[in-house]
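Following: one structure in structure tokens, then a few remarks.
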Amino acid sequence: MTPGKYEFLRGKDENSAFMRDEVSPNKYSDIEEISLTIEEVAMKTYRVRKFMNPHFLLAIATLTLGCSRQPRAPGILIGPYVQNVKTNSITIMWESSKPENGKVLYGEKRSLDGETDEKGLSTIHEITLTGLKSETRYYYRVQSGKDVSDVYSFKTAVMKESPFSFASYGDNRDGPVMHRKITNLIASKNPDFVIHNGDLVNKGPVQKQWGLLFFNPAHRLMSQFPLYPVLGNHEENSEHFYNFFSLPNNERWYSFDYGKAHFIMLDSDDEGLFENGVQHTWLIDDLKKKSATWTFVTLHVPPFTAGGNYYKRRRIRLKNVLHTLMERYGVDIVFSGHDHNYERTRPIVSKNGAHPVTYVIAGNGGTPMRYIGHREWTLYAERVFGFVLVQVDGKKLLLRGMNIENEVIDELILDKDDPASMASYEEKRVFFEDIVDPVETAKYYGDGDDLVDEERYEEAIILLEKAYAADTTCIQALAGVARCRYELGQYEEALSYAMRGIRKMPNYPDSYEVLIDVLINHGKYDEALEWCQKWLLIEPDSPDANETMSKIYEEQKQYDLAIEEMMKALAILPSEADLYFRLGQLYETVGQTGKAVKAYQMGLDWFTDDEPKKMRRMEKVKSRIQQISSMR
883 MTPGKYEFLR GKDENSAFMR DEVSPNKYSD IEEISLTIEE VAMKTYRVRK FMNPHFLLAI
943 ATLTLGCSRQ PRAPGILIGP YVQNVKTNSI TIMWESSKPE NGKVLYGEKR SLDGETDEKG
1003 LSTIHEITLT GLKSETRYYY RVQSGKDVSD VYSFKTAVMK ESPFSFASYG DNRDGPVMHR
1063 KITNLIASKN PDFVIHNGDL VNKGPVQKQW GLLFFNPAHR LMSQFPLYPV LGNHEENSEH
1123 FYNFFSLPNN ERWYSFDYGK AHFIMLDSDD EGLFENGVQH TWLIDDLKKK SATWTFVTLH
1183 VPPFTAGGNY YKRRRIRLKN VLHTLMERYG VDIVFSGHDH NYERTRPIVS KNGAHPVTYV
1243 IAGNGGTPMR YIGHREWTLY AERVFGFVLV QVDGKKLLLR GMNIENEVID ELILDKDDPA
1303 SMASYEEKRV FFEDIVDPVE TAKYYGDGDD LVDEERYEEA IILLEKAYAA DTTCIQALAG
1363 VARCRYELGQ YEEALSYAMR GIRKMPNYPD SYEVLIDVLI NHGKYDEALE WCQKWLLIEP
1423 DSPDANETMS KIYEEQKQYD LAIEEMMKAL AILPSEADLY FRLGQLYETV GQTGKAVKAY
1483 QMGLDWFTDD EPKKMRRMEK VKSRIQQISS MR
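Anchor point for the sequence shown: position 363 equals 1245 in the numbering used here, and the numbering is continuous, going up by one each time.
Written as structure tokens, this is what we have:
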């Protein structure tokens, strides 16, 4: 971690140009005043990885379809994968292309001398193997009709006194290429099982996404190690979640024991999680019954975060309802996602409390990430793809935040038998009562943001300006006002607000986007391209800056450069159908119809949406492919 990394973001350097809130409107020369230090800020604040190098071009993009599909029998679409492990049993699941009677062949040796058959025909198969030995590796393969899988292996759960390890990650969503890299790295650590913090797919009701975005990229991991997920907001409580997983209790919220630890998995989108709700009542009852040495809770929305959800009203509600329970009943660590980054809090405890709780956000599982900030509870945070690895041995715990390059970026060591270890841990504590919620700001910002979505810009400006007045660290509100001003044609005012946002929080991308739109509107293409490069520095895991540069070059009829930037965008997010469609259009413009068809087809292969507008575009692309093919 860079020393003093957050001092800048907290505004301790009052002489910094970024900390001055005034800016002269109507003067484009002011842009130069703040442009020179952004590269330095970006390099201090983020690690711009080699795999994010935009010059990686289309070489990776053209290989991505293969990396999302695993070699298997043609009739087996998903899996096989293991679920719900115990000391003497485990569940094997897979999906077949048509209803078949399934069976699992298994054994302690590759000869697979055991067999368990399924009763009846099914496309999603679920077979539980029983009578197994604890802490034992078994080999298995599945069969659906004539289709037979490769041989895989799993290990049954450990005995109560044995050490074990688990991984935690989340928010792979629409980033299957990075998801594959991360899950393969997790598999190389040989954990006993894996926890997923939610947002497994981008849109839960779309069945195609479950294979393309989640199961296929994670095949190596899930064929060996049981995965316990929680629902994220993007699952939309879809039936596919329940069909594809075999979990305890009602599967929407549940708990299980492993070794000397108790794991509680919650649905943070359920209103019943709040006081007097069904899930809330279940949670208290489950906490009262537990008798484990360690207690871990997982839910998608983080009760504490310095990221984009800091101003969300639901987060504040969850914080105020759940932390008291976590502390009262001895929860050690709470895992979440939702914010696309890594963050670990200081131990949080009430002034009269005796059990501090650490909150870990691991929402860096593959989807493009978001900016990071700093709040009074933040102990460590970084914008980097990765996961969390936890090792438990009796009363000892080692937690490591890992990045995608297999480096340890953060570490927590606890030993409940060592008073010095616990004292050192508690020295970093934050008192719960000292944390002031941004309730007023959250209300103004939330309502204003909703109005922006409804394109009621003048009304939105009133609320967003109130949000910023209530809390001048709410740069989201400043950027929101900038966007509204731009949409209303108030370009000079939009520029002023965008620049103020960049001054105060140079790692927040929305301000750059508005500033660049203003420059484009005024025909200042060279300056717009320069700012796109700065935008890319602070958001290297998103294709947005390269896509914008492509549009600028296209407007200038510099089609070769437009194509090159679109290729760079695809190198960053090679699973985005719209990027392929736009690349296809560019190829058509320059007369390269063969390449256009290939780009269109790759876009169709990755297309997984069900919105009417996007469906119409997809149909137009299909029609265009036919037209081009008929002319060749």
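Note that the Cβ used here is the ideal one computed from N, Cα and C, for glycine as well.
Since the structure is predicted, the reported quantities are computational estimates derived from the model, not experimental observations.
Apart from the five residues on each side of it in sequence, which residues of its chain come closer than 6 Å, Cβ to Cβ, to residue i?
i            : result
residue 999  : 985
residue 1100 : 1065
residue 913  : Bear in mind that a pLDDT of 46 at residue 913, under 50, signals an unreliable position, so the number given afterwards is only what the model happens to contain. Nothing meets the Cβ criterion.
residue 1298 : 1277
residue 1151 : 1115
residue 1102 : 1066, 1069
Output needed for residue i: all residues of its chain with C-beta closer than 8 Å, excluding positions within five of it in sequence on either side, in chain order.
i            : result
residue 1089 : 1122
residue 1286 : 931, 933, 1060, 1063, 1064, 1067, 1266, 1267, 1268
residue 1202 : 1319
residue 1310 : 1228, 1229, 1261
residue 1126 : 960, 975, 977, 1006, 1092, 1097
residue 1191 : 1183, 1184, 1197, 1220, 1221
Suppose contacts are defined by Cβ-Cβ distances below 8 Å. Is residue i in contact with residue j by that definition?
i            : j            : result
residue 1133 : residue 1187 : no
residue 1252 : residue 1292 : no
residue 973  : residue 1128 : yes
residue 1207 : residue 1181 : no
residue 1326 : residue 1364 : no
residue 1162 : residue 1169 : no
residue 1004 : residue 955  : no
residue 1027 : residue 982  : yes
residue 1096 : residue 1076 : no
residue 1146 : residue 1183 : no
residue 1058 : residue 1082 : no
residue 1482 : residue 1507 : yes
residue 1079 : residue 1245 : yes
residue 1510 : residue 1479 : yes
residue 1144 : residue 1177 : yes
residue 1436 : residue 1427 : no
residue 1464 : residue 1328 : no
residue 1349 : residue 1342 : no
residue 1383 : residue 1373 : no
Is it right to say residue i is buried, meaning 16 or more other beta carbons lie within 10 angstroms of its own, or is it exposed?
i            : result
residue 1084 : buried
residue 1513 : exposed
residue 1498 : exposed
residue 1324 : buried
residue 1131 : exposed
residue 965  : buried
residue 1429 : buried
residue 1305 : exposed
residue 967  : buried
residue 1283 : buried
residue 1216 : buried
residue 1173 : exposed
residue 1395 : buried
residue 1149 : buried
residue 1105 : buried
residue 975  : buried
residue 1517 : Nothing about residue 1517 can be read from this structure; the chain reaches only from 883 to 1514.
residue 1449 : buried
residue 1041 : exposed
residue 1378 : buried
residue 945  : Annotation note: pLDDT 41 at residue 945 (below 50); position unreliable, no value reported.
residue 1438 : exposed
Give the C-beta separation of residue i and residue j to the nearest angstrom, bearing in mind that I take them to be a contact with Cβ-Cβ under 8 Å.
i            : j            : result
residue 1330 : residue 1371 : About 19 Å; that fails the 8 Å criterion.
residue 1249 : residue 1227 : Not confirmed; about 22 Å, so no contact.
residue 1485 : residue 1473 : Their Cβ separation, rounded to whole angstroms, is 19 Å, which puts residue 1485 and residue 1473 out of contact at 8 Å.
residue 1011 : residue 988  : 6 Å
residue 1417 : residue 1402 : About 13 Å separates the two Cβ atoms, so there is no contact after all.
residue 1458 : residue 1425 : 7 Å
residue 1314 : residue 1232 : 5 Å
residue 1020 : residue 997  : That pair is no contact at about 13 Å.
residue 1036 : residue 1140 : That belief does not hold up - the Cβ atoms of residue 1036 and residue 1140 are roughly 14 Å apart, past 8 Å.
residue 1049 : residue 1271 : 5 Å
residue 1258 : residue 1223 : So it is not a contact: roughly 18 Å between Cβ atoms.
Residues in the same chain with beta-carbon distance under 7 Å from residue i, minus the five sequence neighbours each way, listed in chain order, please.
i            : result
residue 870  : The requested residue 870 is not part of the displayed model; the chain covers only 883 to 1514.
residue 1411 : 1431, 1434
residue 1235 : 1209
residue 1153 : 1159
As an exercise, report each continuous alpha helix (DSSP H) stretch of at least 4 residues that is fully enclosed by the segment 1306-1335, in chain order. 1321-1335
Could you tell me which uninterrupted alpha helix (DSSP H) segments, each at least 4 residues in length, are contained entirely in the segment 1154-1184, listed from first to last along the chain? 1160-1171
Runs of 3 residues minimum, wholly inside the segment 1061-1121: which ones carry the beta strand (DSSP E) assignment? 1075-1078, 1109-1111
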